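**Student:**
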Amino acid sequence: MSTATVSGPRNTTGRSGPRKSKLGWNLLGLFVFVTAGFPVYWMLNTAFKPAKDAIDPDPSLLPTSITFSNFSRALNIADFWGPVGRSLIVSLTVVVIGIVVGMLAALAISRFAFRGRKVVIVGILAVQMVPLVAMIIPVFLLLNDLGQYDRLSGLVLTYLTFILPFTVWTLRGFIVNIPRELEEAAMVDGCSRTTAFIRVVFPLLAPGMVATSVYGFIQAWNEYLYALMLMSQQNQTATVWLGNFTTKHGTEYAPMMAGSTLMAVPIVVLFLLVQRKMAAGLTAGAVKG
Amino acid sequence: MSAAETTAPVKVPPARSAPPPTPPVVTGGSTKRLAGATAVPWALLAPCLLILAVVLGYPLVRLVTLSFQEFGQSQLWGFKPAGSVGFANFAAVLGDSEFWTVVVRTIVFAASCVVFTMVIGMAIALLLQKVSGWVKTLVNIALVASWGMPIIVATTVFKWLFDSDYGIFNALLSKLPGVDMIGHNWFASGPEGLAVITLLVVWGAVPFVVITLSAGLTQVPKELEEAARLDGAGAWGVFRYVTLPILKPIIVMLTTLSVIWDMGVFPQVFVMRNGHPEAEFQLLTTYSYDKAFVVNDYAQGSAIALLTVLLLLGVIGVYMRQMLKIGEVE
Numbered sequence: 001m002s003t004a005t006v007s008g009p010r011n012t013t014g015r016s017g018p019r020k021s022k023l024g025w026n027l028l029g030l031f032v033f034v035t036a037g038f039p040v041y042w043m044l045n046t047a048f049k050p051a052k053d054a055i056d057p058d059p060s061l062l063p064t065s066i067t068f069s070n071f072s073r074a075l076n077i078a079d080f081w082g083p084v085g086r087s088l089i090v091s092l093t094v095v096v097i098g099i100v101v102g103m104l105a106a107l108a109i110s111r112f113a114f115r116g117r118k119v120v121i122v123g124i125l126a127v128q129m130v131p132l133v134a135m136i137i138p139v140f141l142l143l144n145d146l147g148q149y150d151r152l153s154g155l156v157l158t159y160l161t162f163i164l165p166f167t168v169w170t171l172r173g174f175i176v177n178i179p180r181e182l183e184e185a186a187m188v189d190g191c192s193r194t195t196a197f198i199r200v201v202f203p204l205l206a207p208g209m210v211a212t213s214v215y216g217f218i219q220a221w222n223e224y225l226y227a228l229m230l231m232s233q234q235n236q237t238a239t240v241w242l243g244n245f246t247t248k249h250g251t252e253y254a255p256m257m258a259g260s261t262l263m264a265v266p267i268v269v270l271f272l273l274v275q276r277k278m279a280a281g282l283t284a285g286a287v288k289g
Numbered sequence: 001m002s003a004a005e006t007t008a009p010v011k012v013p014p015a016r017s018a019p020p021p022t023p024p025v026v027t028g029g030s031t032k033r034l035a036g037a038t039a040v041p042w043a044l045l046a047p048c049l050l051i052l053a054v055v056l057g058y059p060l061v062r063l064v065t066l067s068f069q070e071f072g073q074s075q076l077w078g079f080k081p082a083g084s085v086g087f088a089n090f091a092a093v094l095g096d097s098e099f100w101t102v103v104v105r106t107i108v109f110a111a112s113c114v115v116f117t118m119v120i121g122m123a124i125a126l127l128l129q130k131v132s133g134w135v136k137t138l139v140n141i142a143l144v145a146s147w148g149m150p151i152i153v154a155t156t157v158f159k160w161l162f163d164s165d166y167g168i169f170n171a172l173l174s175k176l177p178g179v180d181m182i183g184h185n186w187f188a189s190g191p192e193g194l195a196v197i198t199l200l201v202v203w204g205a206v207p208f209v210v211i212t213l214s215a216g217l218t219q220v221p222k223e224l225e226e227a228a229r230l231d232g233a234g235a236w237g238v239f240r241y242v243t244l245p246i247l248k249p250i251i252v253m254l255t256t257l258s259v260i261w262d263m264g265v266f267p268q269v270f271v272m273r274n275g276h277p278e279a280e281f282q283l284l285t286t287y288s289y290d291k292a293f294v295v296n297d298y299a300q301g302s303a304i305a306l307l308t309v310l311l312l313l314g315v316i317g318v319y320m321r322q323m324l325k326i327g328e329v330e
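Order-wise, the sequence lines are chains A and B. If you count by UniProt numbering, then the first sequence holds residues 1 to 289, one letter each, in order. If you count by UniProt numbering, then the second sequence holds residues 1 to 330, one letter each, in order.
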């Protein structure tokens with residue numbers, strides 16, 4: 001699959017006609033669409049199939065009959081709403097703390113020149129780079145010492161390790177895109193620094209804050225390792241819940257795909273709403289340099 | 001919050017280059033005001049730094065100290081004090097040939113993931129410039145869907161695609177003339193299983209690369225490409241000498257980020273192998289996890305984690321330099 005797409009863009013020598021060449025590119029594009037989209041399609045296809053059709057050694061590519069029974073089975077495996085509720089609580093708390101604390105910090109590094117600014121930026125970037133897996137052992141010990149092991153508050157604390165640096169850096173990207181002159185004009189008109197920020201910058205920043213929150217929410221919601229390690233079976237979160245379909249007796253694939261669908265669809269839809277803005281925020285200025 | 005609101009284009013002057021470097025704090029003349037202005041940013045930063053110190057700083061320090069101690073079950077429960085053992089943990093890890101096998105495997109795995117991700121991502125980004133609008137929309141939908149899929153869901157789905165008995169991949173392959181893959185177990189051997197996991201990682205990572213590079217490609221001046229073409233450059237020449245240099249900062253950023261992420265791959269292997277990766281599947285992350293939580297040697301697990309971070313330090317340095325450059329321009 002890689003060779004086809006790689007060699008494609010280079011062969012633009014045949015300039016026989018714009019329409020004809022476009023057809024080739026479009027076919028290649030459709031191939032990418034099918035390849036990239038297939039796992040998602042196959043998840044949905046299996047989720048709505050009768051469970052016995054799912055274990056047909058020669059599965060049909062198109063749906064033959066549709067059923068919702070996999071979903072009811074999925075909802076009944078262990079408890080579904082408990083883990084989802086816990087994931088919601090943890091993700092929302094993390095995002096609220098992250099956005100409030102992160103915005104103050106982002107403001108400091110993007111709107112003030114002060115000694116030590118560079119050190120702070122380097123520090124915030126650096127901690128983002130430490131792999132979560134490397135941290136799991138000391139984090140586990142820390143929570144153990146604090147009596148926060150197997151508690152939602154403990155999980156919130158650990159999620160801040162990756163949500164907070166991310167929030168600061170992304171919000172910084174959005175803030176630097178708001179011209180400083182706007183604030184200065186407001187201050188000339190008699191606003192204080194704080195009111196200038198609240199009246200001028202804040203409204204312009206709102207969409208960026210929404211995008212950052214949603215993205216942060218998704219990251220927290222999707223986290224697996226800490227959720228697995230730091231919570232016991234009866235306190236598991238949504239991502240860990242998916243593991244319940246695999247038991248000693250094998251895997252129930254059709255209900256598992258229904259469970260996967262339940263988990264993925266809301267997140268993908270949320271993601272769809274903000275991805276354009278996030279790509280802009282994450283790469284702001286990257287090419288201007 | 002409505003969809004329209006969140007997806008609305010950024011309301012900023014579009015072609016604004018770097019703002020003039022106005023010294024922001026010298027608006028008031030008096031020294032008193034200046035002093036106050038230095039306190040403000042630190043006050044704004046205080047909550048953030050405080051939280052990071054607790055949740056990140058402390059564990060990081062603990063990671064280092066832990067790797068110089070003896071720390072197992074009895075130390076965890078407080079039956080025995082954690083005594084210092086100097087470099088013994090590192091000596092044990094580095095002296096184990098298994099560790100070096102895992103290091104090589106991890107590097108090969110991460111490198112293939114990064115190369116495939118970047119090459120395929122670049123090819124698709126370039127392709128998207130050539131296709132009709134409706135094809136572009138379709139590809140974008142597929143990419144965003146795979147990008148937004150929780151890793152754990154994606155892993156579960158790939159496990160199903162490559163199931164030995166009922167997986168669609170074996171069934172499709174077997175439709176090819178002369179190929180019989182029915183019942184083939186992709187996870188019977190490490191290299192094949194890791195190839196499937198590479199595919200999963202690349203599938204999940206390509207969308208971010210495509211979308212970021214596409215954003216970058218829109219900033220490549222059309223006049224430059226035209227000029228190069230007039231000077232006789234072919235498609236490859238234009239790409240090599242015009243597009244690539246302009247995209248370089250983004251490419252450096254994406255490559256270093258990918259290296260960091262792909263060296264940290266964990267749930268994909270862990271879940272694919274039902275929580276117990278076989279020796280042939282161990283990467284540095286799962287190896288460290290195994291040492292700590294399966295063998296209950298937290299100190300050696302920490303030493304391995306620390307060695308992984310050290311291994312990454314060079315890459316992290318390149319990434320930071322690039323990001324700082326970007327930060328300075330603004």
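The C-beta atom is built at its ideal place from N, Cα and C for all residues, glycine as well. Just so you know, these numbers come straight off a predicted model, no measurement behind them.
(1) Residues in its own chain within less than 7 Å of Val315(B) by CB, not counting five upstream and five downstream?
(2) Classify Gly147(A) as helix, strand or coil using the three-state DSSP reduction.
(3) Our contact map puts Asn144(A) next to Val131(B) with C-beta atoms below 8 Å; I'd like the distance itself, whole angstroms only.
(4) Check whether the Cβ atoms of Gly301(B) and Val133(A) lie closer than 8 Å to each other.
(5) For a contact defined as C-beta to C-beta under 9 Å, what are the partners of Leu324(B) on chain A?
(6) Lys80(B) versus chain A: which residues are under 7 Å apart at the beta carbon?
(7) Is the shortest distance between the beta-carbon of Pro59(A) and the beta-carbons of chain B less than 8 Å?
(8) Taking Lys22(A) as the query, report the chain B residues whose CB atoms sit under 8 Å from its CB, ordered along the chain.
(9) Which whole-angstrom value describes the C-beta separation of Ile109(A) and Arg172(A), a residue pair presumed to lie in contact below a C-beta threshold of 8 Å?
(10) Interface residues of chain B around Ala54(A) at Cβ under 8 Å?
(11) With 7 Å as the C-beta to C-beta threshold (strictly closer), list the residues of the region 232–248 of chain A near chain B in chain order.
(12) Mind checking whether Leu284(B) and Val102(B) have CB atoms under 8 Å apart?
(13) Please state whether DSSP places Gly190(A) in a helix, a strand or coil.
(14) Would you list the residues sitting across from Ser84(B) in a DSSP beta bridge?
(15) Tell me, please, whether the CB atom of Pro131(A) is closer than 8 Å to any CB atom in chain B?
(16) Go ahead and pull the three-state DSSP assignment for Pro20(B).
(17) What span of residues does the alpha helix (DSSP H) with Arg73(A) cover, start to end?
(18) Determine the direct distance from the alpha carbon of Ser288(B) to that of Asp58(A), and round the result to whole angstroms.
(19) Mind checking who Thr247(A) pairs with in its DSSP beta bridge?
(20) Among Pro255(A), Gln234(A), Met256(A) and Asn244(A), which residue has its Cα nearest to the Cα of Phe86(A)?
(21) How would you write the range of the alpha helix (DSSP H) that Phe169(B) sits in, first residue to last?
(22) Give the residues from the region 280–299 of chain B that approach chain A closer than 8 Å (Cβ to any Cβ), ordered along the chain.
(23) State the Cα-Cα distance for the pair Val156(A) and Lys159(B), rounded to the nearest angstrom.
(24) Do we get a CB-CB distance below 8 Å when we pair Thr212(A) with the residues of chain B?
(25) Skipping 5 residues on each side, what residues in its chain have a beta carbon closer than 6 Å to that of Val242(B)?
(26) Verify whether the separation of the beta carbon atoms of Gly121(B) and Leu200(B) is less than 8 Å.
(27) Once the 5 residues before and after Met181(B) are set aside, which same chain residues still bring their CB inside 7 Å of it?
(28) Check the C-beta distance from Met135(A) over to Leu63(B) and give it rounded, since I have them as a contact under 8 Å.
(29) Using 8 Å as the threshold, is the C-beta distance between Thr167(A) and Gly243(A) below it?
(30) For a contact meaning CB atoms closer than 9 Å, what does Pro50(A) contact in chain E?
(31) Is the Cβ-Cβ distance between Asn177(A) and Ile151(B) less than 8 Å?
(32) Where Gly275(B) and Phe38(A) are concerned, what is the direct C-alpha to C-alpha distance, given to the nearest angstrom?
(33) Identify the continuous alpha helix (DSSP H) that holds residue 318(A) and give its terminal residues.
(34) If we count the other Cβ atoms within 10 Å of its Cβ and call it buried at 16 or more, is Phe87(B) buried or exposed?
(35) Count the C-beta pairs between the region 179–193 of chain B and the region 60–74 of chain A that are closer than 8 Å, then say yes if the count reaches three, no if not.
**Tutor:** Well, looking at it:
(1) Scanning its chain for C-beta atoms nearer than 7 Å, with the 5 sequence neighbours on each side dropped, one finds around Val315(B) the residues Thr256, Val259 and Ile260, in chain order.
(2) Residue state, collapsed to three classes: coil.
(3) 54 Å between Cβ atoms; not a contact.
(4) Taking 8 Å as the Cβ cut-off, Gly301(B) and Val133(A) do not qualify as a contacting pair.
(5) Within chain A, the residues Lys118, Ile121, Val122 and Leu125 have their CB atoms less than 9 Å from the CB of Leu324(B), given in chain order.
(6) Within chain A, no residue comes near Lys80(B); the closest Cβ sits about 15 Å away, beyond 7 Å.
(7) It does: the Cβ of Pro59(A) has a partner Cβ on chain B nearer than 8 Å.
(8) Correct list: Lys130, Val131 and Ser132.
(9) With 8 Å as the limit, Ile109(A) and Arg172(A) qualify as a contact, their Cβ atoms being about 6 Å apart.
(10) Close to Ala54(A), with beta-carbon spacing below 8 Å, are these residues of chain B in chain order: Tyr166.
(11) The residues in question are Thr239, Leu242 and Thr246.
(12) Taking 8 Å as the Cβ cut-off, Leu284(B) and Val102(B) qualify as a contacting pair.
(13) Three-state DSSP puts Gly190(A) in coil, outside helix and strand.
(14) Its beta-bridge partners are Gln69(B).
(15) Residue-level contact check: Pro131(A) touches chain B, since one or more beta carbons of chain B fall below 8 Å from its beta carbon.
(16) In this prediction, Pro20(B) has a pLDDT of 42, which is less than 50 and means its spatial position is unreliable; nothing more can be read from the coordinates.
(17) Here the alpha helix (DSSP H) through Arg73(A) covers Ser69 to Asn76.
(18) Cα-Cα distance, rounded: 40 Å.
(19) The partner list for Thr247(A) (beta bridge, DSSP) reads Gly250(A).
(20) For the record, residue 86(A) in the displayed sequence is Arg; it is not Phe. It is Gln234(A).
(21) Looking at the DSSP string, the run of the alpha helix (DSSP H) that includes Phe169(B) is Ile168 to Lys175.
(22) Answer in chain order: Thr285, Ser288, Tyr289, Ala292, Phe293 and Tyr298.
(23) Note on geometry: alpha-carbon atoms of Val156(A) and Lys159(B) lie some 30 Å from one another.
(24) No, no contact with chain B.
(25) Leu224, Glu225 and Ala228.
(26) No, these two residues do not count as a Cβ contact at 8 Å.
(27) If we look at Met181(B) and ignore the five residues flanking it on each side, its Cβ neighbours are Asn170, Leu173 and Ser174.
(28) So it is a contact: roughly 7 Å between Cβ atoms.
(29) Result no, Cβ atoms of Thr167(A) and Gly243(A) do not sit closer than 8 Å.
(30) Protein chains in the displayed structure are A and B, and chain E is not among them.
(31) It is not a contact, given that the beta carbons lie outside the stated cut-off.
(32) Looking at the two C-alpha atoms, the distance is approximately 26 Å.
(33) In the structure as shown, chain A starts at 1 and stops at 289, and residue 318(A) therefore has no counterpart that could be examined.
(34) Looking at its Cβ environment, which holds fewer than 16 other Cβ atoms inside 10 Å, Phe87(B) is exposed.
(35) In short, these stretches do not touch, since the Cβ pair count stays below three.
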